[in-house]
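In full-length UniProt numbering, the protein residues as written are 1 to 478. Below is one structure, written out as structure tokens, with a few remarks after it.
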Amino acid sequence: MVKLGDARKANEALLGGWRPIDNIKDPHVKEIAEFAVSEYNKQSKTSLKLVKVVKGESQVVGGMNYRLDLMATDGAAAAKTYEAVVWERAWENFMNLTSFNPVKGGAASRAVAQRLSPPAALPDTPSATANLFDRSPSTKMKGLFKSKPRTPVDIVRQTRDLLIYAERSPDSRESKREEKMAELCKNIRELKSILYGNSESEPVSEACAQLTQEFFRENTLRLLITCLPKLNLEARKDATQVVANLQRQQVQSRLIASDYLEANIDLMDILIAGYENTDMALHYGAMLRECIRHQTVARYVLESQHMKKFFDYIQLPNFDIAADAAATFKELLTRHKSTVAEFLSKNYDWFFAEYNSKLLESTNYITRRQAVKLLGDILLDRSNSAVMTKYVSSRDNLRILMNLLRESSKSIQIEAFHVFKLFAANQNKPADIVSILVANKSKLLRLFADFKTDKEDEQFEADKAQVVKEIAALEPRA
Numbered sequence: 001m002v003k004l005g006d007a008r009k010a011n012e013a014l015l016g017g018w019r020p021i022d023n024i025k026d027p028h029v030k031e032i033a034e035f036a037v038s039e040y041n042k043q044s045k046t047s048l049k050l051v052k053v054v055k056g057e058s059q060v061v062g063g064m065n066y067r068l069d070l071m072a073t074d075g076a077a078a079a080k081t082y083e084a085v086v087w088e089r090a091w092e093n094f095m096n097l098t099s100f101n102p103v104k105g106g107a108a109s110r111a112v113a114q115r116l117s118p119p120a121a122l123p124d125t126p127s128a129t130a131n132l133f134d135r136s137p138s139t140k141m142k143g144l145f146k147s148k149p150r151t152p153v154d155i156v157r158q159t160r161d162l163l164i165y166a167e168r169s170p171d172s173r174e175s176k177r178e179e180k181m182a183e184l185c186k187n188i189r190e191l192k193s194i195l196y197g198n199s200e201s202e203p204v205s206e207a208c209a210q211l212t213q214e215f216f217r218e219n220t221l222r223l224l225i226t227c228l229p230k231l232n233l234e235a236r237k238d239a240t241q242v243v244a245n246l247q248r249q250q251v252q253s254r255l256i257a258s259d260y261l262e263a264n265i266d267l268m269d270i271l272i273a274g275y276e277n278t279d280m281a282l283h284y285g286a287m288l289r290e291c292i293r294h295q296t297v298a299r300y301v302l303e304s305q306h307m308k309k310f311f312d313y314i315q316l317p318n319f320d321i322a323a324d325a326a327a328t329f330k331e332l333l334t335r336h337k338s339t340v341a342e343f344l345s346k347n348y349d350w351f352f353a354e355y356n357s358k359l360l361e362s363t364n365y366i367t368r369r370q371a372v373k374l375l376g377d378i379l380l381d382r383s384n385s386a387v388m389t390k391y392v393s394s395r396d397n398l399r400i401l402m403n404l405l406r407e408s409s410k411s412i413q414i415e416a417f418h419v420f421k422l423f424a425a426n427q428n429k430p431a432d433i434v435s436i437l438v439a440n441k442s443k444l445l446r447l448f449a450d451f452k453t454d455k456e457d458e459q460f461e462a463d464k465a466q467v468v469k470e471i472a473a474l475e476p477r478a
């Protein structure tokens with residue numbers, strides 16, 4: 001009969017180091033180790049050789065229970081993988097056995113081999129342990145098995161459940177909530193790893209497709225966006241990258257993110273309003289720029305009342321947020337050319353009134369520089385030719401550009417020149433435009449005589465020569 005003291009003594013002798021099974025002197029512990037490792041090696045086709053007692057304890061719970069936990073490794077890859085073989089035996093069910101031999105005793109019931117990432121400790125929970133012996137001698141040995149790896153679909157579903165928990169359980173016990181939120185952050189990191197790959201492997205297209213389909217099958221995107229403020233900073237960054245990547249994922253040659261967003265277009269309202277939240281602005285802004293890759297989404301934002309807000313967001317005192325808003329603003333006005341041309345034609349008056357007064361005439365140097373460069377990009381695009389013709393026919397617009405040509409900043413001067421040359425090259429100049437150019441002819445010619453870029457630029461020099469020629473040839477109209 002095995003005595004509790006013998007098992008304690010054997011356990012204490014083993015604590016503290018890895019050793020070959022043959023070096024275990026206590027026959028009872030050796031039998032457990034041999035059985036555990038051999039069965040595990042059969043199931044997983046590995047060659048584990050070393051074992052270590054990780055934890056041993058005795059306690060009274062309606063009888064004597066002794067738990068012996070073993071860890072096994074092949075010795076060569078201990079730093080990479082720990083295989084935890086967890087055993088629990090109930091002495092009240094074992095006291096009458098004459099041999100501590102699980103095979104001869106015929107009473108092996110359940111065991112769990114759980115893969116752990118080092119240096120995580122073994123969980124002391126019922127789900128992580130199992131009874132090795134029970135009363136029934138007829139119970140067949142099930143052996144050891146690895147926990148089934150989660151599929152991309154499993155991870156998305158669990159993430160969705162955890163997001164629902166985060167959204168609906170603000171009053172839950174603090175320790176439980178922390179545990180759930182940590183699990184959620186881990187899941188989001190795993191989603192990112194599947195979509196982007198890692199240092200050891202590239203993303204697998206089939207896994208990405210499965211993840212994408214499941215992500216948009218239900219409201220996981222909505223939950224992730226609305227719960228983003230509840231996540232820690234690293235998880236927010238990971239979530240932002242996940243959302244960005246999903247906008248580009250194709251399933252059977254279709255961007256299913258586009259279909260989802262078209263049906264849930266109100267999510268753009270949340271993302272745009274994020275610019276008013278210092279903590280969320282950069283995350284929501286990055287998501288928004290990826291979402292407006294889809295033309296239907298960009299059209300919604302352009303035609304919404306939100307578009308007017310960007311003129312204020314671009315001037316926010318927080319530099320990073322203002323720059324992010326400017327990047328989104330530029331994306332909206334340059335990506336989908338036909339949609340942009342339609343928007344500018346329909347909204348010309350209010351849009352350029354705001355653009356001139358709030359951006360081109362801003363007191364902020366960076367705002368002026370970015371605005372005049374973007375204006376050049378817009379007007380020089382062939383799809384906006386009708387808008388350009390209308391813009392260069394306005395004396396107010398010409399006045400603003402001539403003032404920008406006088407800026408002390410060479411960068412602003414150069415960008416302003418690229419817009420000004422459109423006024424000069426217009427072969428159908430209105431009379432008031434001609435009058436202004438003639439009145440300022442000498443000043444303009446002197447300015448352009450010394451007007452040079454920092455680097456030699458043949459195209460710039462050719463454009464400047466043409467502008468000088470056009471202005472020099474102007475005469476007052478009768």
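Even for Gly, the Cβ is constructed at its ideal location relative to N, Cα and C.
Cβ neighbours of residue i in the same chain (closer than 6 Å, five flanking residues each side left out)
| i | result |
| --- | --- |
| Ala244 | Glu290 |
| Ile272 | His306 |
| His336 | Gln295, Ala298 |
| Ala341 | Ser383, Asn384 |
| Gly5 | Bear in mind that a pLDDT of 45 at Gly5, under 50, signals an unreliable position, so the number given afterwards is only what the model happens to contain. Excluding positions up to five away in sequence, the list is empty. |
| Leu401 | Ala416, Val419, Phe420 |
Residues of its chain near residue i, where Cβ-Cβ distance is below 7 Å and the 5 sequence neighbours each way are ignored
| i | result |
| --- | --- |
| Val434 | Leu474, Arg477 |
| Glu34 | Ile21 |
| Ile414 | Thr453 |
| Asp348 | Before going on, a small fix: residue 348 reads as Tyr here, not Asp. Taken in chain order, the residues that qualify are Val387, Lys390. |
| Glu190 | Ile155 |
| Thr212 | Leu246, Gln249, Val251, Ile256 |
| Met280 | Leu228, Pro229, Gly274 |
| Glu331 | Arg289, Ile292 |
Length of the line joining the Cα atoms of residue i and residue j
| i | j | result |
| --- | --- | --- |
| Lys455 | Glu470 | 25 Å |
| residue 500 | Ala353 | In this structure the chain extends from 1 to 478, so residue 500 is not present and cannot be described. |
| Leu255 | Phe311 | 31 Å |
| Gln370 | Leu233 | 29 Å |
| His306 | Asp266 | 12 Å |
| Leu184 | Asp396 | 55 Å |
| Asn426 | Val467 | 10 Å |
| Leu374 | Leu288 | 19 Å |
| Asn264 | Leu228 | 17 Å |
| Lys410 | Ala424 | 20 Å |
| Lys464 | Ser394 | 22 Å |
| Glu262 | Gln295 | 10 Å |
| Ser253 | Ser201 | 24 Å |
| Asn187 | Ile155 | 6 Å |
| residue 486 | Ala326 | Because the chain here runs from 1 to 478, residue 486 falls outside it and cannot be looked at. |
| Thr339 | Arg160 | 35 Å |
| His283 | Leu246 | 15 Å |
| Ser205 | Phe215 | 15 Å |
| Leu379 | Thr367 | 18 Å |
| Thr278 | Lys358 | 22 Å |
| Arg67 | Ser38 | Low confidence applies here, because Arg67 scores a pLDDT of 41, under 50, leaving its location unreliable; read the following figure in that light. The alpha-carbon atoms of Arg67 and Ser38 are separated by roughly 20 Å. |
| Ile164 | Ala322 | 32 Å |
| Glu276 | Leu447 | 42 Å |
| Arg399 | Gly285 | 34 Å |
| Pro430 | Asp450 | 28 Å |
| Ser408 | Asp269 | 39 Å |
For residue i: DSSP bridge partner residues
| i | result |
| --- | --- |
| Val251 | Arg254 |
Any chain E beta carbon closer than 8 Å to residue i
| i | result |
| --- | --- |
| Leu223 | The chain inventory of the structure shown lacks chain E, comprising one protein chain alone. |
Where residue i falls, given that 16 or more other Cβ within 10 Å makes a residue buried
| i | result |
| --- | --- |
| Pro102 | Confidence in Pro102 is poor, its pLDDT being 35 and thus under 50, which makes the residue's placement too unreliable to answer from. |
| Val372 | buried |
| Lys192 | buried |
| Glu92 | Residue placement at Glu92 cannot be trusted, given a pLDDT of 29 that sits under 50; the coordinates are not used to answer. |
| Phe250 | Phe is not the amino acid found at residue 250; the sequence shown has Gln there. By the neighbour-count rule (16 or more Cβ atoms within 10 Å), Gln250 is not buried but exposed. |
| Val242 | buried |
| Lys346 | exposed |
| Lys176 | exposed |
| Glu458 | exposed |
| Ala439 | exposed |
| Pro152 | buried |
| Asn96 | Reliability of the predicted coordinates at Asn96 is poor, the pLDDT of 32 falling under 50, and the value obtained from them is presented with this limitation in mind. Exposed, since its Cβ has fewer than 16 Cβ neighbours within 10 Å. |
| Asp238 | buried |
| Asp432 | exposed |
| Asn356 | buried |
Chain-order list of residues whose beta-carbon lies under 8 Å from that of residue i (same chain, five-residue window excluded)
| i | result |
| --- | --- |
| Arg222 | Asn264, Leu267 |
- Item | Stretch-stretch touch, CB-based, cutoff 8 Å, three pairs: the stretch 342–362 with the stretch 311–325 | yes
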